[in-house]
Amino acid sequence: MIPEPIGEPPAPGAFSGLDWVRVVLRGTLLTLVTFGCLALLLLVRLIERPIFGLRRPVTPYITQFVCRSAFVILGMGFATHGRPMTMKGAVVANHTSWLDIFTLNARKRIYYVSKAEVAEWPAIGWLARATGTVFIHRDPRQAASQKEMFVSRLMAGHKLMFFPEGTSTDGRRVLPFKPTLFQAFFEDRLRDQTHIQPVSVVYRAPEGQPATFYGWWGDTDFLSSLLKVLAARKQGRVDVYYHDPLRVADFDNRKTLSVAAETAVRSGLESYLLADQPIA
Numbered sequence: 030m031i032p033e034p035i036g037e038p039p040a041p042g043a044f045s046g047l048d049w050v051r052v053v054l055r056g057t058l059l060t061l062v063t064f065g066c067l068a069l070l071l072l073v074r075l076i077e078r079p080i081f082g083l084r085r086p087v088t089p090y091i092t093q094f095v096c097r098s099a100f101v102i103l104g105m106g107f108a109t110h111g112r113p114m115t116m117k118g119a120v121v122a123n124h125t126s127w128l129d130i131f132t133l134n135a136r137k138r139i140y141y142v143s144k145a146e147v148a149e150w151p152a153i154g155w156l157a158r159a160t161g162t163v164f165i166h167r168d169p170r171q172a173a174s175q176k177e178m179f180v181s182r183l184m185a186g187h188k189l190m191f192f193p194e195g196t197s198t199d200g201r202r203v204l205p206f207k208p209t210l211f212q213a214f215f216e217d218r219l220r221d222q223t224h225i226q227p228v229s230v231v232y233r234a235p236e237g238q239p240a241t242f243y244g245w246w247g248d249t250d251f252l253s254s255l256l257k258v259l260a261a262r263k264q265g266r267v268d269v270y271y272h273d274p275l276r277v278a279d280f281d282n283r284k285t286l287s288v289a290a291e292t293a294v295r296s297g298l299e300s301y302l303l304a305d306q307p308i309a
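For the sequence shown, position 31 matches number 60 in the working numbering, and the numbering has no gaps at all.
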């Protein structure tokens, strides 16, 4: 069984002089790579968009380069297990940290599904829009147009990525999946040709640190979590396990599909935690 919730995150400790040196060096490199490549991506997109429309044959490779470089800059281990699917559809995973964005983009070309408010966030919003994030509004009046947007992106071959838990956790458990977004895949044009691939994302804390080191939950703000990771003298690792894809047409409704995806993700996380080693 996955451990019970571990209460509120521990208060951040004071940083030493060397901690701040690591923050500055890693933070500077990460910023230069991220926003330098963002500028390149936007330039390439000026040519790519009028020629290819929704399809993006070049820019996703720039995104992947940034995400892979992030782990090199941080000095953090990264490994994947299993095979990313090639069929049309979406990827769903447990949500532990802001690092998930780098983790899931590093191996597989995906496009995130996010709440519309993220588009207005400084810096992060720019990155999200530039990399093709699908923004979801909670206004029922926009349900039909958003459904059409889902269909057009999936039919264009985009692999959509969303976190059905609806929030991030301490990394030691999987919250119940919300079935709402699964409904879009039962649309007549999609049901018979789309799949959902469950993915377990498992973080291993640096030696001597709490098991929840990379978790971003409770009252932890983004800046505090970011600084903690940048300042770490030694880093841990993350393992990504790709489960067998689920064919949407094999399920009666969004709830049964959601439960099957949740079961696969939870099983992967439990296997890692119980064995305390990467899933093979």
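Note that beta-carbon positions come from the ideal geometry of N, C-alpha and C, so glycine has one too.
Assumed close pair residue i, residue j - CB separation to whole angstroms, cut-off 8 Å
i	j	result
residue 137	residue 207	22 Å between Cβ atoms; not a contact.
residue 114	residue 226	5 Å
residue 269	residue 110	7 Å
residue 70	residue 102	Not really, about 18 Å apart at Cβ, beyond 8 Å.
residue 154	residue 148	5 Å
residue 17	residue 267	The shown model of the chain, from 30 to 309, leaves out residue 17, and the question about it has no answer.
residue 288	residue 220	Wrong, their Cβ atoms sit about 17 Å apart, outside the cutoff.
residue 271	residue 112	6 Å
residue 256	residue 52	6 Å
residue 77	residue 87	6 Å
residue 192	residue 122	6 Å
residue 230	residue 129	6 Å
Sequence-distant residues of its chain with Cβ nearer than 7 Å to residue i (five each side left out)
i	result
residue 190	119, 120, 133, 139, 140, 141 and 142
residue 242	234, 235 and 265
residue 99	59 and 131
residue 222	117
residue 309	Its pLDDT being 38, under 50, residue 309 is placed unreliably by the model, and the measurement read from it follows with that caveat. Excluding sequence neighbours, residue 309 sits near 110.
8 Å Cβ shell around residue i - same chain, five flanking residues per side excluded
i	result
residue 31	Unreliable placement is indicated for residue 31, whose pLDDT of 46 sits below 50; no coordinate value is reported for it.
residue 33	Bear in mind that the predicted position of residue 33 carries a pLDDT of just 49, short of 50, making it unreliable; the figure below should be weighed with that in mind. Same-chain partners within the cutoff: 202.
residue 185	82, 83 and 84
residue 163	140, 141, 142, 143, 178, 179, 182 and 189
residue 159	67, 70, 71 and 74
residue 196	124, 204 and 246
residue 48	260 and 262
residue 209	283
residue 275	224, 225, 226, 227, 286, 289, 290 and 293
residue 176	213 and 216
Sheet register partners of residue i (DSSP bridge)
i	result
residue 144	165
residue 227	121
residue 59	Paired residue(s): none; residue 59 is not in a bridge.
residue 275	225
residue 232	267
Continuous beta strand (DSSP E) stretch holding residue i: start and end
i	result
residue 266	266 to 271
residue 154	Segment 153 to 159 is the alpha helix (DSSP H) holding residue 154; no beta strand (DSSP E) there.
residue 108	106 to 110
Nonlocal neighbours in the same chain, by C-beta distance under 6 Å from residue i, ignoring five residues either side
i	result
residue 44	260
residue 126	243 and 245
residue 280	286
residue 97	135
residue 104	264
Residue range of the alpha helix (DSSP H) that includes residue i
i	result
residue 251	251 to 260
residue 101	88 to 103
residue 132	129 to 136
Along the chain, which unbroken stretches of the alpha helix (DSSP H) at least 4 residues long are found entirely within the stretch 185 to 214?
Complete alpha helix (DSSP H) runs here, min 4: none at all.
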